[in-house]
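Before any comments, here is the structure.
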RNA sequence: GCCUUGGUGGUGGAACUGGUAGACACGCAGGACUUAAAAUCCUGUGGGCCGCAACGCCCGUGCGGGUUCGAUUCCCGCCUGAGGCACCA
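Numbering (this note's numbering), first residue to last: -17 to 898.
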């Protein structure tokens, strides 16, 4: 009987479904484990082999935890709102609801094929009204809350209103405008609109104005990615910065807690580093510089007030509101021209530009300590959104300022003596200050506080903590997203009542943008008539809390009952790509903190442990067409011709050799293709790039499952390498894993004899092989080293085959070990062995060290660090005994000759090194 | 440009805490079985040198330095691939 994987896999998938084998209850006496994947966006291209990598890893871990006696929550769903469905609707007229649900059905079919243990009763789709009702509800919690700085937590906004009525805002500094100040009487005298405008500046979800990349021709806002050199990627239309009304989340209020929370969770150091760099906390000071011949002052933010005497110029962002009024007429034309140039540049281009650009405004400020005149420049590398949008430039201490000064021939003041060599800036804080008046002779880092205090005393500065992170833009001028539960009346935003939720996304005939940068919803007369908000929420809204919904999917009175969230708690293992490092992972952490602060859940970090899966890249193949002909030249000969490289479908290429017959059938264009071969073959070019349909380098898991079975596919994806590592896909090696399963099968069945497994007592050697495997595979699974676990299975089966072992007592624990990795295969063999119940409900075998005891070791003997011999020595030998044995060895004697031995290093159980 | 991360045979990778580099596979070569094929099994396989062979020697983990008895692993500099940089998801 041979290994008929297709029949076996279908059979067990059906049985699992019938028996509800993967249904998970919220009631259990077992300890819980919550194992979660980042849910996919259901794209029209379907699943490619890159998607299941993380899902297989989490599936293995879930099944492993279940065998270890845990009640395991392992759900799946879809992040179903987003731009591609809307784009598709605009281009093809298909409603996003339809295309999204079609895609979901397709994803589901593909996922089912692989045999995952998801509890599908808990499926969530963020575009379902039953789901986004609660996204809207959480938005209202954010809208109706403020961040109390004293308690460092979110609190209901009516507490703040009560406080305002009693004491004004004296104890509640306004996060949006620290200078805002009013008394209780002021507050009482304010109109409703004035009150609401003030409250808006405290809310965690608030409305304001922000700059976006605006493309007038497309009538839409673009991502930085979609803007190339000031023109839209699609269509090549000009793009400009434009101020639009936007919703925001006040995530900056949570900056410190998002930072300190990192200490309580198991993310990789790299991930923590990325998040804290993104948050970018810095301590410094704000300083006001008086403007020459102007009533106002220029406020800058600096982390280095100690360098105040080294300030040679100021740089302000081109968007800075003061520019208009400080620029004298003589410089207006040049400044306007420069601002025009910057307007066409995306933020990305501005900060990554190597070329130094800038423009002198003609204005000067004065140094508050010595009244020196300091010229004011504008340059694109200073961004309006960070700090105060203006910096003081100290060329001797800052690299970018130094290059700027050099480029524009601005004289450089040296305030750190020999520490500055005139060739490059020195950002040290250890320098001894000179040319610095009252600071002369002082170490820089000590001067920071002194300068700040002095500025505070003079009333022109104060210490300030700044964050690089900005508040999160939370509205999109799009259709396919959650409507905001907000009505506008007389310029005031009113939240809908909870019982009015969900506010359903209306059907439209036209997905194109509304007038004046409004979303498509503005095109609907009935929507406008109700004064509903016309923006929708961004893609990250639904994904910021979905892990909570899985705990209590069917609940239609709460987003998730407190009982359910108390039971499941944090996600124990979260698997997904690093591309979400600073987006999704920060937003979901913030939402969790808000829900915790408001008492809706009992933990304030969502993910206890994060595992980042690497990206599976595509390995693209190219053919080379001689320009202007239908002749295709093999890769090795292409240099003799003028050729265009064209992507060719990887599925019609064997390794690098093109199937020329298949190629002529692949596309009608190529029907008449002629080939110039080398050694009788057409060899393709190779490049590793992102897996994408348009590059014809995608590999569909369905085809592989069909050909080799789901279990082979699962193990092969794991065998490719460490889950965390990115690697190009190559189908070639899958045969090896398939052979392994067939070989394993032959421990149970022989093609001719049929059943060969027997009920005999195992030998010591057989038990040793088994227990070695138990130990290694358990350890590897625990540390998510699935690739080495697979190779341990191979070693185990190879050794059992060499021993001719077909004993049930060895094979049945092996089947359990295999269950997480090859569940169908294991289930079938479990039944074959006549074991009770489903193997998914079995108990994990327990390692027993007595079977793997070793008494001696083949020690590697190095001389001066070079391996010269291997000697078998008893493990319990003392160092003196080992020394005697080693020095008596022929090979060792030959190398040592009669030189004195300086040192002998003996590491028990590892190695010996002789130094001569 | 900035942040993060990777680079080991022809290929994917292993070496977990500084201790035998190349486990386990793929591929390739040779052989067995077969009318033939598939399947399966056996042997070899980092590069170089000496050699009939065995034994053995030298080099080798992107490049250049350093620390150490000992470095794929730690430190410094460089080259290079990947991901992210706020409206793609």
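From the three backbone atoms N, C-alpha and C, an ideal C-beta is built for every residue, glycine too.
Are the stretch 432 to 445 and the stretch 478 to 494 touching by the rule of at least three beta carbon pairs closer than 8 angstroms? no
Span separating the alpha-carbon of residue 170 from that of residue 178: 12 angstroms
Would you say residue 689 touches the ligand MN, meaning its beta carbon is less than 7 angstroms from a heavy atom? The ligand MN is not part of this structure, which contains no ligands at all.
Locate the alpha helix (DSSP H) running through residue 345, then write down its first and last residues. Element bounds for residue 345: not the alpha helix (DSSP H) but the beta strand (DSSP E), 341 to 348.
For residue 359, the three-state DSSP class (helix, strand or coil): strand
Inter-stretch contact (C-beta, 8 angstroms, three-pair minimum) for the stretch 576 to 589 and the stretch 655 to 671: no
Taking the C-alpha atoms as reference points, what is the distance between residue 207 and residue 64? 16 angstroms
With a 10 Å radius around its C-beta and 16 neighbouring C-beta atoms as the bar for buried, classify residue 533 as buried or exposed. buried
Quick one: is residue -15 buried, meaning 16 or more other Cβ sit within 10 Å of its Cβ, or exposed? buried
Restricting to Cα atoms, I'd like to know which of 625, 3, 422 and 380 is closest to residue 609. 625
Give me the Cα-Cα distance between residue 381 and residue 364, rounded to the nearest whole angstrom. 14 angstroms
Identify, in the order they occur along the chain, each residue of the same chain with its Cβ nearer than 8 angstroms to the Cβ of residue 743, setting aside the five sequence neighbours on each side. 789 and 791
Exposed unless 16 or more other CB atoms sit within 10 angstroms - verdict on residue 362: buried
Which class does residue 726 belong to by DSSP, given the choice of helix, strand or coil? helix
Other residues of its chain near residue 343: CB distance less than 7 angstroms, five sequence neighbours each side excluded: 305, 308, 309, 313, 317, 358, 359 and 360
Mapping DSSP to helix, strand and coil, what is residue 374? strand
Can you tell me where the alpha helix (DSSP H) holding residue 903 begins and where it ends? Because the chain spans -17 through 898 in this model, residue 903 falls outside it and cannot be assessed.
Own chain partners of residue 16 with C-beta closer than 6 angstroms, once the 5 adjacent residues on each side are dropped: 55, 550, 553 and 554
Local Cβ density within 10 Å of residue 292, reported as buried at 16 or more and exposed below that: buried
Three-state secondary structure assigned by DSSP to residue 194: strand
Express the C-alpha separation of residue 603 and residue 631 in angstroms, rounding to a whole number. 7 angstroms
Residue 871 - DSSP class collapsed to helix/strand/coil: coil
Round the Cβ separation of residue 98 and residue 159 to the nearest angstrom and send it over; I've been treating them as touching at under 8 angstroms. About 51 angstroms separates the two Cβ atoms, so there is no contact after all.
Cα-Cα separation between residue 804 and residue 334, rounded to whole angstroms: 48 angstroms
Beta-carbon proximity list for residue 560, same chain, < 6 angstroms, skipping 5 on both sides: 594
What's the C-alpha gap between residue 644 and residue 636? 11 angstroms
Report yes if the CB atom of residue 426 is closer than 8 angstroms to the CB atom of residue 411, and no otherwise. yes
Where do the ends of the alpha helix (DSSP H) carrying residue 229 lie? Element bounds for residue 229: not the alpha helix (DSSP H) but the beta strand (DSSP E), 222 to 231.
Helix, strand or coil, according to DSSP, for residue 824 in the structure here? coil
Can you tell me which of 814, 821 and 855 puts its alpha carbon nearest to the alpha carbon of residue 3? 821
Identify whether residue 900 lies in helix, strand or coil by the three-state DSSP scheme. With the chain running from -17 to 898 in the structure shown, residue 900 is simply not present.
Which ranges does the alpha helix (DSSP H) cover as unbroken runs of at least 4 residues, wholly within the stretch 242 to 287, from first to last along the chain? 251 to 261
I need the boundaries of the alpha helix (DSSP H) containing residue 746, first residue and last residue. 746 to 764
Determine which residues share a DSSP beta bridge with residue 600 and list them. 671
Spatial neighbours of residue 466 within its chain, please: CB distance less than 6 angstroms, with the 5 preceding and 5 following residues excluded, ordered by chain position. 515
Taking the alpha carbon of residue 128 as the reference point, which residue from 575, 379, -4 and 493 has its own alpha carbon closest? 575
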